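Beneath this line is the structure, given in structure tokens, with notes to follow.
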Amino acid sequence: SFREFILKWTHPDYPAAKVDARSIWRAERQLGTLFPNAYCETLVEFGAPSPSISLLHSISERGLPIPDVFDFFVPERVIESTLSWRKLGMPNDLVAFASDCSGNLFCFPVSAVRLAEAPILFWDHDFDEVTEVGASFNDWIAQYCAIDLVEED
């Protein structure tokens, strides 16, 4: 669950940025899409966290073939990042909602209907490649919750 993700991968001194439903609706209107329910509900309940370096460290030390999550965007940043990166080559059918430590983006597909869940896609800006990294938002988060913490020296 997202609660588990936050407890495991964020520092208590740096709480998640609060998000209200109105800011999500404004972002949807501006981008001309509807975000998946699971994402919206999670953002309103828990906010937009910034994971600590321990997630990247644990992924790296274990040699896992998954990108780290560096930052979840508040709705205003979803708009800014999506529109800016589209001008720089990100496919127009993607909405960016988080990034890894290298600035690559986690996205969901543009949709004219509100879906309960949508696949999570990863856009690598260096190679202009889009890959599916989760069948749904909850499945995607679960893979990070399943990683065992590797303590830093």
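Under my numbering, the very last position in the sequence shown is 154; numbers go up by exactly one each time.
All residues carry an ideal CB built from backbone N, CA and C; glycine is no exception.
Just so we're clear, the structure is a prediction, and the values are computed from it rather than from any experiment.
The criterion of a C-beta distance shorter than 9 Å is not satisfied by residue 75 and residue 111. Residues 56, 57, 60, 101, 102 of the same chain have their beta carbon placed closer than 7 Å to that of residue 69, with the five preceding and five following residues left out of the count.
Counting along the chain, residue 42 sits inside the alpha helix (DSSP H) bounded by residues 38 to 47. Contact between residue 96 and residue 34 holds, since their C-beta atoms are separated by about 6 Å, short of 8 Å. Per the coordinates, the alpha-carbon of residue 52 lies some 6 Å from the alpha-carbon of residue 72. The three-state reading of DSSP puts residue 96 in strand, counting E and B together.
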